[in-house]
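Encoded as structure tokens, the structure appears first; notes follow it.
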Amino acid sequence: MHHRIRKIDVHLVSAPVLGGFADATRKVETIGFVIVRITTDQGLEGIGVTYHEVGGEATCELINRNMTPRLIGRDPLETEAIWQEFFHYLRGVGRKGLMYCALSAVDIALWDLKGKIVDLPVYKLLGGDRTKVPVYASGGWTSYSDDQLVDEIKGMVGRGFTTVKFKVGFDGGRNPRRDAERVRKVREAVGPDINLMVDANNSFDAATAVQLANRIREYDIFLFEEPVFADDIPGLARFKRGTDIPLATGEHEYTKFGVRDLLMHDAADIVQVDGARAGGYTEMLKCAALTQAWNVKFAPHAMENLHLHLVAAVPNALFLERLLMFEDITAQVFDGAPLPIDGHMHVPDLPGLGLKLNMDFIRERDETSPASHA
Numbered sequence: 253m254h255h256r257i258r259k260i261d262v263h264l265v266s267a268p269v270l271g272g273f274a275d276a277t278r279k280v281e282t283i284g285f286v287i288v289r290i291t292t293d294q295g296l297e298g299i300g301v302t303y304h305e306v307g308g309e310a311t312c313e314l315i316n317r318n319m320t321p322r323l324i325g326r327d328p329l330e331t332e333a334i335w336q337e338f339f340h341y342l343r344g345v346g347r348k349g350l351m352y353c354a355l356s357a358v359d360i361a362l363w364d365l366k367g368k369i370v371d372l373p374v375y376k377l378l379g380g381d382r383t384k385v386p387v388y389a390s391g392g393w394t395s396y397s398d399d400q401l402v403d404e405i406k407g408m409v410g411r412g413f414t415t416v417k418f419k420v421g422f423d424g425g426r427n428p429r430r431d432a433e434r435v436r437k438v439r440e441a442v443g444p445d446i447n448l449m450v451d452a453n454n455s456f457d458a459a460t461a462v463q464l465a466n467r468i469r470e471y472d473i474f475l476f477e478e479p480v481f482a483d484d485i486p487g488l489a490r491f492k493r494g495t496d497i498p499l500a501t502g503e504h505e506y507t508k509f510g511v512r513d514l515l516m517h518d519a520a521d522i523v524q525v526d527g528a529r530a531g532g533y534t535e536m537l538k539c540a541a542l543t544q545a546w547n548v549k550f551a552p553h554a555m556e557n558l559h560l561h562l563v564a565a566v567p568n569a570l571f572l573e574r575l576l577m578f579e580d581i582t583a584q585v586f587d588g589a590p591l592p593i594d595g596h597m598h599v600p601d602l603p604g605l606g607l608k609l610n611m612d613f614i615r616e617r618d619e620t621s622p623a624s625h626a
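Just remember that this note's numbering sits 252 ahead of the position in the sequence shown, which is counted from 1.
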């Protein structure tokens, strides 16, 4: 049965962050999602999601005003053709940033539809066989006191997570000695068997990051994420030369070209591009292939429900990231989304991504006027 795209609905949902989290470089005030629903003339619906912290309104507008007219009537299976068309159509107004958030959400919805049309989970479409995937807990903000930090990490371990990530860059990255002290306290609190990872959120220059890495090396650090500004590729390479702690980066990269640049400059051991930014499943498969060609690890940033099928299918994928601050809104936006069990998430044996939206919550909280285009 031949499907055609009949309508596209876009919703904007957010929630204030309680407790005023901050990392080394900014305070996080709201979190949320831009949600895309693509419906076919046969009544099947695909779901795609991207971020709404800032700029979600513009992302919705772009999808509604510029992308929707080009999608109505199209065959949703033509993901590659559609991706290429938008790549060229949008290139004059952005090759990174909001344009790719919009394209990512649309592409993910098309892949969800693709699985539903052929009645297979996406990971099987991609040739994968893993039905459960490791997931780590992510939080530990620099705005926490040492005791709050240790308590949160112990809570993660108590929930069955064996790999945890927390923030360094205390006091805006001006006090690496305090960072080293906090890492020591966390390691002593959880013992030797938990994988500890640290995330500097772009806060250091390379020299300071290397100093910190070498100070905390004795605490057996699994990876050091974004030690320098994401666009400081030479600084990432300098960091890699200065320490043997594996370097993770890429959440602020877009498309296969961003991943190519990290790899060509020897600027990552673990590539963390995000399917909700980098270009959806169509582009994430290419990003993953590049990491395989360079024999480095692939570990998508956040959005664990979107990345579950991808990580289940990509052989060099390490794990999923569950950002604790997103747990509440994720539980409200999705109806019965998979939850971590003993540090793993189980892949739903359902067509597409296997996600169901809680439309009552979404309609109640939608910040857009109901914008549906038939």
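Virtual Cβ for every residue (Gly too), placed ideally from N, Cα, C.
Segment limits, beta strand (DSSP E) that includes D261: 257 to 268
R414 bridges to which residues according to DSSP? The sequence shown places Thr at residue 414, not Arg. Note: T414 sits in no beta bridge, so no partner.
Whole angstroms are fine: how far does the CA of F422 sit from the CA of K538? 36 Å
Closest residue to L264 among V280, L542, F285 (Cα-Cα distance): F285
Alpha carbon to alpha carbon, how far is F571 from L401? Give it in angstroms, no decimals. 23 Å
So V653 and M516 are in contact, right, with Cβ under 8 Å, and what is the actual spacing, rounded? The requested residue 653 is not part of the displayed model; the chain covers only 253 to 626.
Cβ neighbour criterion (16 or more within 10 Å) applied to R469: exposed
For the 8 Å Cβ check, are there 3 or more pairs between the segment 562 to 577 and the segment 374 to 388? yes
Three CB pairs or more closer than 8 Å across the segment 443 to 458 and the segment 479 to 497: yes
Consult DSSP for R326 and reduce its assignment to one of helix, strand or coil. coil
If you measure from the CB of D327, is any heavy atom of the ligand COA nearer than 6 Å? No copy of the ligand COA occurs in the structure displayed, which carries no ligand at all.
Under three-state DSSP, which class holds P386? strand
Considering only the alpha carbon of each residue, which of A267, H559, Y506, L448 lies closest to M597? H559
According to the neighbour-count rule (16 or more other Cβ atoms, all chains shown, within 10 Å of its Cβ), is E440 buried or exposed? exposed
Taking just the CA atoms, how far does G325 sit from A357? 18 Å
Helix, strand or coil at R469 according to DSSP, with G and I counted as helix: helix
Between the CA atoms of I485 and P590 - distance to the nearest angstrom: 36 Å
Can you tell me whether G344 is buried or exposed? The criterion is at least 16 other CB atoms within 10 Å of its CB, across all chains shown. exposed
For the putative contact between D398 and R434, defined by C-beta atoms under 8 Å, what is the C-beta separation to the nearest angstrom? 6 Å
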